[in-house]
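Chemist: Pasting a structure here, questions to come.
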Amino acid sequence: MTRRNAAGEVLAGVTLLAIAVPLNIGYAQIAGLAPTAGLYALVVPAIIYTLVVSSRQVVASPDAAAAALVASSVGGLAVAGSTGYASMALAQAVISGLLFVAAAVFKLGFLAAFLSKPILVGFVGGLALDIMVSQVAKMLGVKIDSGGEFVGKVADLIGGLGGVNGWSVLISVLAVGVLLAGRRLARAVPWALVVLVLATVVVVTTGLEVAGVSVLGQVEAGPPSLTWPVLDLATWLALVPSAIALTLVTMAEGLLVARSYAEKNGYTTSPNRDLLAFGAANIASGASGSFAVGSSTSRTAAMDQAGSRTQLPTLVAAVGTLLLLVFGTALLEHIPSPAIGAVVAVAILPLLGIREFRMLWKRDRFEFAIGAACFLATLFIGAIPGILISFVLALINLAKRAANPPIDVLADDDPGSALLSTAAIGTTTAPGVLVIRLAAPLFFANSAVFSDTVKRAIGAVPAGSVRHLVLDLEAVTDVDVTAAETLESLLRWLHDEGVGLAFSRARPGLVDRMRVLGVLTDETVYPSNRAALEALADR
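For the sequence shown, this note's numbering assigns the number 780 to the initial residue and increments by one for each residue that follows.
Take a look at the structure:
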């Protein structure tokens, strides 16, 4: 960073402050916590994250998904707003932080790869729709149990439509209009802050609180202080599953966002260092009165659009939030709840995944079904079962693809070139020789399919046409014990059919592995398919 761009980074920090304060207040309410819990996350956790992370741009903060997970998991153990509830939210952040540190130490970032895009779209979309119901109720002035199940909240909302507050609806409609129009006209303007300021001024000057418009209420003043959740062991253990879910979702999204912006702007990141940064930030969050933090995609995008390429805006926002907590909490007391609901609703609208689901429907119906199943499971069963179902679906998707690897019968179209063409089953590569290539590791999920394909390819040609089978192993990176046993069985079948077995283009490490497994004994391994044909084909 130079003097030339320092002013721009500071201005980006002011923009980040204007965006983060109203959103974090809303997310704290979603989580069932006091507004200060959202603001505290912008101070100590954000500073520690900035000092540790390798990414120059990713902004760490509570987001809608984390807030919903806190509400759905902790809400089942304690009443929202109680002291025990707040302590559990802190403990959940601490556990998540420790899991992040463990993942960084043991280099477990690869686990995030199991949360594919359809799974993330479905899981986050389910959480977003659950949140949206609460925000719509807030915008209409209807009281519902925001910590309840989705079906119960929808029922409460429908049942309370008779008590809709007209002034709340008017504030909400105008707020949504300003936010959506402002996003199109001038994205750099912090429209969320503009909406909250204007709505607060209108409520204060017209006395709409008396007319039934709900406001934020008193916000505790003062900086965050060092604290620690005091809970019994059973409660700590009960929070572990939800902390794992938080960690996995944040890990997947955080590493993906960090990598995408690093590639876009030409710098490198360290995934394990970023995991350590999330761990330190979450531990600090639990120790300073806040709740779980992750990567904020929307705020990171806003900083990128503002031209920021450092973590200085996060530090500027931390200082600004601290000053607000010490000197300006009285300014927050009269913010109307309908305006907060509108800000959060517009912010989470993209998280519903409507565009992504349409894309999945067009490109791959099976992937769409996975995303839809995760969406429905998260919405109707719960966030924790939803993440478990997501992992099961990820494994099913992986197994489905692994069990059907590309298996080609190679054709010898040009005697002077390598065997690159493929022929349908029912032909030989050369007189007396059949060359088959597997383009995947050979393991328990696909070994039986591979063996059946080989037998089918040999049986599809006239009897006696194949005297030698050559397995092209260039794309085979590994063979497991189950696959080795399948190959041994295949070798016996080939012997009974009078067909000899040879290999080609095997990696040195794979040859050693096959010898250890007893698959490769006295069979010949040719350096190329052409060499195998020259040695084995009928002349």
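Idealized CB from N, CA, C, for every residue including glycine.
This structure is a prediction, so every number in the text was calculated from the model and none was measured.
Quick one: any contact between the region 947 to 961 and the region 1002 to 1012, if contact means 3 or more CB pairs under 8 Å?
Modeler: Touching, no, given that fewer than three Cβ pairs across the two stretches are closer than 8 Å.
Chemist: From Phe1057, Ala791 and Tyr1046, pick the residue whose C-alpha is nearest to that of Val1028; which is it?
Modeler: Here residue 1028 refers to the residue found at position 249 of the sequence shown. Measuring from the Cα of Val1028, the nearest candidate turns out to be Phe1057.
Chemist: Rounded to whole angstroms, what is the Cα-Cα separation between Thr984 and Ile1133?
Modeler: Position 205 of the sequence shown holds residue 984. Position 354 of the sequence shown holds residue 1133. Near 39 Å, if we compare the C-alpha coordinates of Ile1133 and Thr984.
Chemist: If you reduce the DSSP assignment to three classes, tell me which class Ala839 lands in.
Modeler: Translated into the one-based positions of the sequence shown, residue 839 becomes position 60. Ala839: strand per DSSP, three-state reduction.
Chemist: Just tell me which of Ser1067, Ala978, Arg1271 and Ala1162 has its CA closest to the CA of Leu1110.
Modeler: Position 331 of the sequence shown, counted from the first residue, corresponds to residue 1110. Considering only alpha carbons, the answer is Ala978.
Chemist: Are Leu1221 and Val1245 close, meaning C-beta to C-beta below 9 Å?
Modeler: Position 442 of the sequence shown holds residue 1221. Position 466 of the sequence shown holds residue 1245. No. Outside cutoff.
Chemist: Terminal residues of the continuous alpha helix (DSSP H) containing Leu906?
Modeler: Counting from 1 along the sequence shown, the entry for residue 906 is found at position 127. Start and end: Lys896 to Leu919.
Chemist: CA-CA distance, Gly941 and Lys922?
Modeler: In the sequence shown, counting from the first residue as 1, residue 941 sits at position 162. In the sequence shown, counting from the first residue as 1, residue 922 sits at position 143. Approximately 11 Å between the Cα atoms of the pair.
Chemist: Thinking just about the alpha-carbon of each residue, which of Val994, Pro1306, Pro1092 and Leu877 is nearest to the one in Gln808?
Modeler: For the purposes of this step, residue 808 is taken as the residue at position 29 of the sequence shown. Looking at the Cα atoms, Val994 is the closest of the given residues.
Chemist: Identify every run of the alpha helix (DSSP H) within the region 1087 to 1150, keeping only runs that are complete inside it and at least 4 residues long; order them along the chain.
Modeler: Runs of the alpha helix (DSSP H) inside the region 1087 to 1150: 1091 to 1106, 1116 to 1127 and 1133 to 1142.
Chemist: Please list, in chain order, all residues of the same chain as Asp842 whose beta carbon is under 6 Å from its beta carbon, the five residues on each side excluded.
Modeler: To locate residue 842, count along the sequence shown from 1; it is residue 63. Closer than 6 Å at the Cβ level, and outside the excluded window around Asp842, lie Gly1073 and Ser1075.
Chemist: Whole alpha helix (DSSP H) runs in the region 985 to 1060 with 4 or more residues, listed along the chain?
Modeler: Whole alpha helix (DSSP H) segments, 4+ residues: 1012 to 1017 and 1019 to 1044.
Chemist: Among Thr1026, Asn1176, Leu1266 and Gly1068, which has the Cα closest to the Cα of Asp1053?
Modeler: Taking the first residue of the sequence shown as 1, we reach residue 1053 at position 274. Out of Thr1026, Asn1176, Leu1266 and Gly1068, Thr1026 has the C-alpha closest to the C-alpha of Asp1053.
Chemist: State yes or no: is the C-beta of Ser875 within less than 9 Å of the C-beta of Asn1061?
Modeler: Taking the sequence shown and counting its residues from 1, the one referred to as residue 875 is at position 96. Taking the sequence shown and counting its residues from 1, the one referred to as residue 1061 is at position 282. Going by C-beta atoms, Ser875 is nearer than 9 Å to Asn1061.
Chemist: When you compare each of Pro1241, Val1255, Ala870 and Thr1089 to Thr1206 by their alpha carbons, which one comes out closest?
Modeler: Locating residue 1206 in the sequence shown gives position 427, counting from the first residue. The shortest C-alpha separation from Thr1206 is found at Pro1241.
Chemist: Is it the case that the Cβ atoms of Ala1218 and Ala1254 are separated by a distance below 9 Å?
Modeler: Within the sequence shown, the letter at position 439 stands for residue 1218. Within the sequence shown, the letter at position 475 stands for residue 1254. A contact, by the Cβ cut-off of 9 Å.
Chemist: Quick check on Pro1185: buried or exposed, where buried means 16 or more other Cβ atoms within 10 Å of its Cβ?
Modeler: The count along the sequence shown starts at 1 and reaches residue 1185 at position 406. Exposed, since its Cβ has fewer than 16 Cβ neighbours within 10 Å.
Chemist: If you drop the 5 nearest sequence neighbours on each side, which residues of the same chain put their C-beta closer than 7 Å to that of Gly1204?
Modeler: As a first step, residue 1204 must be located in the sequence shown, where it is residue number 425. The question names Gly, but residue 1204 is Ile in the sequence shown. The residues are Val1188, Arg1235, Ala1236 and Ala1239.
Chemist: What is the residue span of the beta strand (DSSP E) that Phe1282 lies within?
Modeler: Numbered from its first residue, the sequence shown carries residue 1282 at position 503. Gly1279 to Ser1283 is the span of the beta strand (DSSP E), which, as asked, contains Phe1282.
Chemist: Would you mind working out which of Ser951, Asp1275, Leu1248 and Ile1114 sits nearest Glu1302, comparing C-alpha positions?
Modeler: By one-based count along the sequence shown, residue 1302 stands at place 523. Comparing Cα positions, the closest option is Leu1248.
Chemist: So is Gly986 buried or exposed if we call it buried at 16+ other beta carbons inside 10 Å?
Modeler: On the sequence shown, residue 986 is found 207 positions in, with the first residue counted as 1. Classification for Gly986: exposed.
Chemist: Answer yes or no: do Ile1149 and Ala1173 have a C-beta to C-beta separation smaller than 9 Å?
Modeler: Translated into the one-based positions of the sequence shown, residue 1149 becomes position 370. Translated into the one-based positions of the sequence shown, residue 1173 becomes position 394. Yes, Cβ-Cβ distance for Ile1149 and Ala1173 is below 9 Å.
Chemist: Would you give the residue range spanned by the alpha helix (DSSP H) that Ala1190 belongs to?
Modeler: By 1-based counting over the sequence shown, the position of residue 1190 is 411. Run containing Ala1190: none in the alpha helix (DSSP H); it sits in the beta strand (DSSP E), Ile1186 to Ala1190.
Chemist: In whole angstroms, what is the alpha-carbon distance linking Val858 and Leu936?
Modeler: Counting from 1 along the sequence shown, the entry for residue 858 is found at position 79. Counting from 1 along the sequence shown, the entry for residue 936 is found at position 157. In a straight line, the C-alpha of Val858 is about 20 Å away from that of Leu936.
Chemist: Using 8 Å as the Cβ pair cut-off and three pairs as the minimum, do the region 1153 to 1170 and the region 894 to 908 touch?
Modeler: Segments in contact, yes.
Chemist: Can you name the start and end residues of the beta strand (DSSP E) that Val1245 belongs to?
Modeler: The residue you call residue 1245 lines up with position 466 of the sequence shown. Counting along the chain, the beta strand (DSSP E) containing Val1245 begins and ends at Val1245 to Asp1251.
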